[in-house]
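**Q** Shown below is the structure under consideration.
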Amino acid sequence: MGNKRIGLTLSGGGARAFAHVGVLKVLEEQKIEISCISGTSMGAIIGAFWANGYKAEEILQILKKVKIRSFLQWNWSKGLLSNQKVYRFLSQYFPENSFKKLQIPLYVSCTDIKEVKTICFSDGKLIEPLVGSISVPGLMMPFSFKNHQLTDGGMLENLPSGILKNKCDYLIGVHSNPANKKMIRTLRQSIEKAFLITIANNTQNSKEICNLLIEPSKLSNYRFSDFKKATQLYEEGYHYSKKLLNNFEI
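Take the position in the sequence shown, starting the count at 1, then add 88; the result is the number in the numbering used here.
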């Protein structure tokens with residue numbers, strides 16, 4: 089691959105983003121060196137772990153142990169999940185809380201809900217943007233940082249490829265929210281479908297920027313909340329990307 093710089097952009101997707109970890113495992117096996125990473129929501133979290141030197145299997149084991157109920161709070165006016173509890177969890181794995189300490193440059197995409205625009209962070213404090221990027225409206229309050237009110241980056245840009253466009257020679261995009269045409273039978277399915285429509289509208293241009301798009305179609309069989317199926321989701325990402333990245337050359 090010579091001196092070509094390869095970038096990697098990771099989408100949000102709730103539990104479906106565990107498929108990203110399977111893709112990372114294939115990149116490790118194929119010895120594909122990544123020069124920069126961007127991510128939003130769960131993609132930002134997974135990207136941060138990998139940029140910090142954690143191997144794919146380590147990331148899988150760390151995140152599998154997480155219990156969503158451990159982030160619950162009883163002040164419903166502040167959201168079902170606590171930003172501060174998420175912050176404390178991440179602090180265990182990023183004690184220096186600095187983008188500069190990462191082994192691979194990382195770009196974290198958030199939505200500033202006050203200004204209604206995408207904000208990207210790549211230097212200074214690390215954990216604050218990560219918490220902001222996964223603060224899903226309705227579940228968590230916006231996270232205040234540097235005069236921004238940060239919420240889930242996937243609201244406006246679920247695949248933050250644009251930030252890497254001029255920072256690499258070849259861009260691999262991993263999107264964990266393939267479209268599906270299943271009949272809507274429950275309120276939960278209706279809410280998830282509405283979210284997918286929003287994502288579809290804000291990712292089309294982002295997908296076109298990528299030189300290679302990895303979007304496992306079977307992920308449509310899983311819910312955003314299927315955290316108990318982390319291993320299956322990991323395997324979906326692994327097997328799908330292995331076919332695409334086998335003997336990878338650019």
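We treat Cβ as the ideally placed atom computed from N, Cα and C, and that holds for glycine. This structure is a prediction, so every number in the text was calculated from the model and none was measured.
Do residue 127 and residue 196 have their CB atoms nearer than 8 Å?
**A** By one-based count along the sequence shown, residue 127 stands at place 39. By one-based count along the sequence shown, residue 196 stands at place 108. In contact: residue 127 and residue 196 (Cβ atoms closer than 8 Å).
**Q** Can you tell me which of 336, 307, 335 and 338 puts its alpha carbon nearest to the alpha carbon of residue 323?
**A** If you number the sequence shown from 1, residue 323 lands on position 235. Selected option, being the one with the closest Cα: 307.
**Q** Could you give the C-beta distance for residue 100 and residue 242, rounded to a whole number, given that I count them as a contact under 8 Å?
**A** Translated into positions along the sequence shown, residue 100 becomes position 12. Translated into positions along the sequence shown, residue 242 becomes position 154. 4 Å between Cβ atoms; contact.
**Q** Please say whether residue 249 and residue 213 have beta carbons closer to each other than 8 Å?
**A** Along the sequence shown, read from residue 1 onward, the residue named residue 213 stands at position 125. Along the sequence shown, read from residue 1 onward, the residue named residue 249 stands at position 161. No.
**Q** Tell me the rounded alpha-carbon separation between residue 295 and residue 247.
**A** For the purposes of this step, residue 295 is taken as the residue at position 207 of the sequence shown. For the purposes of this step, residue 247 is taken as the residue at position 159 of the sequence shown. Taking the straight line from one Cα to the other gives about 7 Å.
**Q** Have a look at residue 259 and residue 291 and give me their C-alpha separation to the nearest angstrom.
**A** The count along the sequence shown starts at 1 and reaches residue 259 at position 171. The count along the sequence shown starts at 1 and reaches residue 291 at position 203. Cα to Cα, residue 259 sits roughly 15 Å from residue 291.
**Q** Which stretch, first to last residue, makes up the alpha helix (DSSP H) that contains residue 319?
**A** Along the sequence shown, read from residue 1 onward, the residue named residue 319 stands at position 231. Start and end: 318-333.
**Q** Can you tell me whether residue 315 is helix, strand or coil according to DSSP?
**A** Residue mapping note: residue 315 aligns to position 227 of the sequence shown, counting from 1. Three-state DSSP puts residue 315 in a helix.
**Q** When you compare the segment 107-125 with the segment 229-245, are there three or more beta-carbon pairs, one atom per stretch, that lie closer than 8 Å?
**A** Taking 8 Å as the limit for Cβ pairs, the verdict is that the segment 229-245 does not touch the segment 107-125.
**Q** Whole-angstrom Cβ separation of residue 136 and residue 209, contact assumed at under 8 Å?
**A** What you label residue 136 is simply residue 48 of the sequence shown in a count that begins at 1. What you label residue 209 is simply residue 121 of the sequence shown in a count that begins at 1. About 11 Å separates the two Cβ atoms, so there is no contact after all.
**Q** Please list the terminal residues of the continuous alpha helix (DSSP H) segment that includes residue 108.
**A** As a working note, residue 108 is residue 20 in the sequence shown. Element bounds for residue 108: 106-117.
**Q** Answer yes or no: do residue 314 and residue 103 have a C-beta to C-beta separation smaller than 8 Å?
**A** Mapped onto the sequence shown, residue 314 falls at position 226. Mapped onto the sequence shown, residue 103 falls at position 15. Yes, Cβ-Cβ distance for residue 314 and residue 103 is below 8 Å.
**Q** Which two residues bound the contiguous alpha helix (DSSP H) that contains residue 218?
**A** Counted from its first residue, the sequence shown places residue 218 at position 130. Per DSSP, residue 218 belongs to the alpha helix (DSSP H) from 215-221.
**Q** By DSSP's criteria, residue 75 is part of a beta bridge. Which residues make up the other side?
**A** With the chain running from 89 to 338 in the structure shown, residue 75 is simply not present.
**Q** Terminal residues of the continuous beta strand (DSSP E) containing residue 92?
**A** Translated into the one-based positions of the sequence shown, residue 92 becomes position 4. Counting along the chain, residue 92 falls outside any beta strand (DSSP E), and DSSP gives it neither H nor E.
**Q** Tell me the rounded alpha-carbon separation between residue 274 and residue 267.
**A** Here residue 274 corresponds to residue number 186 of the sequence shown, with the count starting at 1. Here residue 267 corresponds to residue number 179 of the sequence shown, with the count starting at 1. Whole-angstrom Cα-Cα distance: 18 Å.
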